[in-house]
Amino acid sequence: MLPESNNELLKTSTVLNKKNFIEKSFEYFLKINGIIAGALILFIFLFMINEAVQVLNYITPENLLYIKLDNKSAGDIFSFDWSPTSNPPKYSILPLLLGSFLTAIPACLISAFLGLILGVYLSEIASAFSRNLIKPVIEVFTGIPTVVVGFITLVVAANFIQDVFGTVSRLNALLAAFGLSTIVIPIIASLTDDALRSIPEDIRMASYALGASKWQTISTVLIPTAINGISASVLIGFSRAIGETMIVLMVSGNAAVISVDLFGSVRTISATIAAELGQVSINSQHYYALFFIGFLLFVFTLLINLLAELMLDKMKRKVNI
Amino acid sequence: MYKNKSKINTYTFGLFLIALISFAIYSCRVDNTVQKDVIRIKGSDTMLNLSLMWAEKFMQENSRTSIQVSGGGSETGLAALLNGSVKVANISRSLTGNEIQTALKKGVEPVANMVAEDAIVIAVHIANKIDSLTVAELKKIYSGHIKNWKEVGGDNKRIILYGREKSSGTYEIFRNSILNEAADSSFIDYYAGMKVLQGTAAIAEAVANDKFGIGFGGMGYFASRKDVKVLSIKINNITKAVSPLKFTSLYGHPIHPNNYPLSRKLYCYTNGKPQGDVKKFIDFIVSSNGQKIVEQMEFIPLTFSGE
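Going down the list, the sequences are from chains W and G.
Numbered per the working numbering, the first sequence finishes at 340, counting up by one with no gaps.
Numbered per the working numbering, the second sequence finishes at 297, counting up by one with no gaps.
Below, the structure is given as structure tokens:
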């Protein structure tokens, strides 16, 4: 009797050992993959920094902002142009920065307004049925290829916007902002919805128990509680808008001008990289300049996303009290 | 509700798997077919449609060869030829001495094969009153010194400029032969407010939609359109305005910079003399069949260009 049970015990322990081995190897497999993925991101970052700082070997920091041109008749002229194939080449990043902000900020404002409304509706007002219908649709919207959005904006929205606002140029920053908001609205709506739903039911109940109406609950209890999450959603939407390439490349007109005219054409950082990186010879002045503006964009979105992450963290702690 | 959701997820996952498997099977099927010889061509957007037609007709006759054509601009094509990723680069201008030097340094010997001629046309919206411009006016318009149609005899409206990316051969030629036609003056650049579009087709589309727009590009994209007007160009105030459309083979006129300042030759650059399949393809292009396609696509065939 005894030896037999001992034998069984041994069996179970080998099974356990075997199981343990599989478990361990999976653990290591995943760990190694995780490390590789993390390292890759780090290397991309280092590579970008490395290429971006080399721009200083070719272009002085002030020439990245303006270039002084000698003009026999009118004295010195300060040129704020981005025109790398010109003679002399001009690498002012100012028009590109302006262009990026002039498309991303209006897009973000439009989307924040509409996205918030949609998010509040989804979380607080919509019935379970309409919510289950709308939420997946919104999530599908975030996945539409941006070239399709750009094309539709160009073919359908361009003439419409020109007719409504009477703009001189058909391709302008506002049109790009409208195009961008089609991909930013779903992001903001979805994240706002998540933020509001993370608020425990007790808080809503407490508010109703105090005699507050639904509108009062939403405006004075829920939104202030979720404000960090909502701000984070807007920030994430903004970083998506500023990094977006295809839509602005197609509809913004790509004219690198110094102007804050919402109805004029602009050229964004992302569109400039997309349009010009394919043709530059590697290790040229122009190549490093493009890497530099790419690095700027990268740092910018990184900071915004970091801020959004911090806000979400704060929100979580607030709700979990 | 959660149960439901997980069910949906299982279904989606199942669908995804099915799609993945069918894709895998499909790609295997392709891999098993007879190996084809592939000629990759890259370069000028102006020549893109033309090259596609050539490739299509050529592949009908030579089913063993497969030709892949892509655009991106002349400089993109040159870069691809230099790094060896394509056998043929479509370039809508002749290479500069500097470019040839760079190529030789990289061990590539660019050989020009002239395949067609083209005129860069200036196009405006069909409702525009203007019919012709002088070279000097064009220069002022594209460098931003004339901003209103009124100044060249049109409506009192802002001129909306459309142009191409810096990688485009058309961009270079237009800059050299219009903006910087007077060699002694200092370098003149495009007006920064020029809208930069990706490809000549996009410019044709933009000009067709913009009542006060003006754009330039290869003749093939504008000549047959009913919604744009191709302008005649005057070299100066004394000479007659010349329309580029008159230079199609129907008229048989030789195209010459003295008549129309924006003519150019189109090239297929190869690394060394074309050989094997590439030679066959180039021979096809310059044959009468190939040149017939040139005419169909609204470019100027070599045989008719005289001189």
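All C-beta atoms, glycine included, are put in the ideal place defined by N, C-alpha and C.
Owing to the predicted nature of the structure, the values given are computational and were not obtained by experimental measurement.
Checklist entry - Do Y259 of chain G and A106 of chain G have their C-beta atoms closer together than 7 Å? => result Residue mapping note: residue 259 of chain G aligns to position 269 of the second sequence, counting from 1. Residue mapping note: residue 106 of chain G aligns to position 116 of the second sequence, counting from 1. In this structure, A106 of chain G does not lie closer than 7 Å to Y259 of chain G by Cβ.
Item to check | Interface flag, N22 of chain G vs chain W, CB-CB below 7 Å | outcome: Start at 1 with the first residue of the second sequence, and residue 22 of chain G comes out as number 32. Because the pLDDT of N22 of chain G is 45, which lies under 50, any placement of that residue in the model is unreliable, and the number read from its coordinates should be weighed accordingly. Not closer than 7 Å to any Cβ of chain W, the Cβ of N22 of chain G fails to qualify, so no.
Item to check | Straight-line Cα distance separating A192 of chain W from I180 of chain W | outcome: On the first sequence, position 161 is the one that residue 180 of chain W refers to. On the first sequence, position 173 is the one that residue 192 of chain W refers to. Rounded to whole angstroms, I180 of chain W to A192 of chain W spans 11 Å at the Cα level.
Item to check | the stretch 46 to 63 of chain G / the stretch 148 to 168 of chain G touching (three or more Cβ pairs under 8 Å) | outcome: yes
Next on the checklist: Below 9 Å on C-beta distance, what does G33 of chain G contact in chain W?
Outcome noted: In the second sequence, residue 33 of chain G corresponds to position 43, counting from 1. Under the 9 Å cutoff, chain W gives no residues; its nearest Cβ is about 11 Å from G33 of chain G.
Checklist entry - Is the closest heavy atom of the ligand ZN to the C-beta of L292 of chain G under 6 Å? => result No copy of the ligand ZN appears in this structure; indeed no ligand is present at all.
Checklist entry - Between the stretch 185 to 208 of chain W and chain G, which residues of the former have CB atoms less than 8 Å from a CB of the latter, in chain order? => result V187, S188, R189, L190
Checklist entry - Hey, does D121 of chain G have any beta-carbon neighbour from chain W nearer than 7 Å? => result One-based indexing of the second sequence puts residue 121 of chain G at position 131. Chain W contact via Cβ: absent.
Checklist entry - Taking 7 Å as the CB-CB limit, is N273 of chain W close to chain G? => result Here residue 273 of chain W corresponds to residue number 254 of the first sequence, with the count starting at 1. Yes, N273 of chain W counts as interfacial toward chain G.
Item to check | Member of W:V285, W:P80, W:A308, W:T165 whose CA lies at the smallest distance from the CA of N273 of chain W | outcome: Taking the first sequence and counting its residues from 1, one reaches residue 273 of chain W at position 254. Among W:V285, W:P80, W:A308, W:T165, the Cα nearest to that of N273 of chain W belongs to W:V285.
Checklist entry - Who are the neighbours of Q188 of chain G on chain W, taking C-beta pairs under 8 Å? => result Numbered from 1 along the second sequence, position 198 holds the residue referred to as residue 188 of chain G. Going along chain W in sequence order, the residues near Q188 of chain G (Cβ under 8 Å) are L268, M269, A294.
Item to check | L173 of chain W and V270 of chain W closer than 7 Å at C-beta | outcome: In the first sequence, the residue the question calls residue 173 of chain W occupies position 154. In the first sequence, the residue the question calls residue 270 of chain W occupies position 251. Yes.
Checklist entry - According to DSSP, what are the bridge partners of D108 of chain G? => result Along the second sequence, read from residue 1 onward, the residue named residue 108 of chain G stands at position 118. Bridge partners of D108 of chain G: G:R254.
Item to check | Buried versus exposed, by CB contacts within 10 Å (16 or more), T160 of chain G | outcome: Locating residue 160 of chain G in the second sequence gives position 170, counting from the first residue. Flag for T160 of chain G reads buried.
Next on the checklist: Does the CB of E141 of chain G have a neighbour CB from chain W at under 7 Å?
Outcome noted: If you number the second sequence from 1, residue 141 of chain G lands on position 151. Taking Cβ atoms only, chain W never reaches closer than 7 Å to E141 of chain G, which makes this a no.
Checklist entry - For the stretch 298 to 311 of chain W, which residues have a beta carbon sitting closer than 7 Å to at least one beta carbon of chain G? => result Q298, S300
Next on the checklist: Strictly below 8 Å CB to CB, what residues from chain G border D100 of chain W?
Outcome noted: The residue labelled residue 100 of chain W in the question sits at position 81 within the first sequence. Those are D179, A182, listed as they occur along chain G.
Item to check | Contact set between the stretch 39 to 71 of chain G and chain W, restricted to residues whose Cβ is under 7 Å from the partner | outcome: G62, G63, E65, T66, A69
Checklist entry - Is the CB-CB distance between I81 of chain G and Y211 of chain G below 7 Å? => result By one-based count along the second sequence, residue 81 of chain G stands at place 91. By one-based count along the second sequence, residue 211 of chain G stands at place 221. No, the Cβ-Cβ distance between I81 of chain G and Y211 of chain G is not below 7 Å.
Next on the checklist: What are the residues in the stretch 108 to 135 of chain W lying within 9 Å of chain G by C-beta distance?
Outcome noted: K109, P114
Checklist entry - Using the C-alpha atoms, what's the distance from S41 of chain G back to S200 of chain W? => result Within the first sequence, residue 200 of chain W is the residue found at index 181, counting from 1. Within the second sequence, residue 41 of chain G is the residue found at index 51, counting from 1. Taking the straight line from one Cα to the other gives about 38 Å.
Checklist entry - Of the choices W:A260, W:V338, W:I301, W:I246, whose alpha-carbon is the least far from that of T320 of chain W? => result Position 301 of the first sequence holds residue 320 of chain W. Nearest option by C-alpha distance: W:A260.
Checklist entry - Are the beta-carbon atoms of F99 of chain W and Y110 of chain W separated by less than 7 Å? => result The count along the first sequence starts at 1 and reaches residue 99 of chain W at position 80. The count along the first sequence starts at 1 and reaches residue 110 of chain W at position 91. The answer is no: Cβ separation not under 7 Å.
Item to check | Under 7 Å between C-beta atoms of H115 of chain G and K201 of chain G | outcome: Locating residue 115 of chain G in the second sequence gives position 125, counting from the first residue. Locating residue 201 of chain G in the second sequence gives position 211, counting from the first residue. Yes; because the gap between Cβ atoms is below 7 Å, this pair is in contact.
Item to check | With 16 other Cβ atoms within 10 Å as the buried cut-off, status of S209 of chain W | outcome: Translated into positions along the first sequence, residue 209 of chain W becomes position 190. Buried: at least 16 other Cβ atoms inside 10 Å.
Next on the checklist: So, for R83 of chain G: in the same chain, excluding its five sequence neighbours on each side, which residues have a beta-carbon less than 7 Å away from its beta-carbon?
Outcome noted: Taking the first residue of the second sequence as 1, we reach residue 83 of chain G at position 93. S64, G159, E162, I163, R254.
Checklist entry - To which residues of the same chain is R215 of chain G closer than 7 Å at the C-beta, ignoring the five residues directly before and after it? => result In the second sequence, residue 215 of chain G corresponds to position 225, counting from 1. Here the set comprises A194, A198.
Item to check | the stretch 133 to 167 of chain G: positions lying closer than 7 Å to chain W by Cβ | outcome: R148, I150, E155, K156, S157
Checklist entry - When the Cα of S300 of chain W is compared with those of G:K47, G:I57, G:K96, which residue comes out closest? => result Numbered from 1 along the first sequence, position 281 holds the residue referred to as residue 300 of chain W. Of G:K47, G:I57, G:K96, the residue nearest in Cα terms is G:K96.
Next on the checklist: Determine whether the beta carbon atoms of D221 of chain W and S142 of chain W lie at a separation below 7 Å.
Outcome noted: Translated into the one-based positions of the first sequence, residue 221 of chain W becomes position 202. Translated into the one-based positions of the first sequence, residue 142 of chain W becomes position 123. Cβ distance not < 7 Å, so D221 of chain W and S142 of chain W don't count as in contact.
Next on the checklist: If you reduce the DSSP assignment to three classes, tell me which class H135 of chain G lands in.
Outcome noted: As a position in the second sequence, residue 135 of chain G is number 145, starting the count at 1. In this structure, H135 of chain G counts as coil in the three-state DSSP scheme.
Next on the checklist: Rounding to the nearest angstrom, what Cα-Cα distance links G297 of chain W and L88 of chain W in this structure?
Outcome noted: Here the question's residue 297 of chain W lines up with position 278 in the first sequence. Here the question's residue 88 of chain W lines up with position 69 in the first sequence. Straight-line Cα distance between these residues: approximately 29 Å.
Checklist entry - By the criterion of Cβ-Cβ separation under 8 Å, what are the contact partners of P103 of chain W in chain G? => result Taking the first sequence and counting its residues from 1, one reaches residue 103 of chain W at position 84. What P103 of chain W touches in chain G: K156.
Item to check | Where the stretch 60 to 83 of chain W meets chain G: residues whose CB sits under 9 Å from a CB there | outcome: none
Checklist entry - Roughly how many whole angstroms lie between the Cα atoms of E288 of chain G and I78 of chain W? => result Residue mapping note: residue 288 of chain G aligns to position 298 of the second sequence, counting from 1. Residue mapping note: residue 78 of chain W aligns to position 59 of the first sequence, counting from 1. Their backbone Cα atoms lie some 44 Å apart in a straight line.
Checklist entry - When DSSP labels each residue in this structure, what does L309 of chain W get in the three-state scheme? => result Your numbering for residue 309 of chain W matches position 290 in the first sequence. Of the three classes helix, strand and coil, the one that applies to L309 of chain W here is helix, per DSSP.
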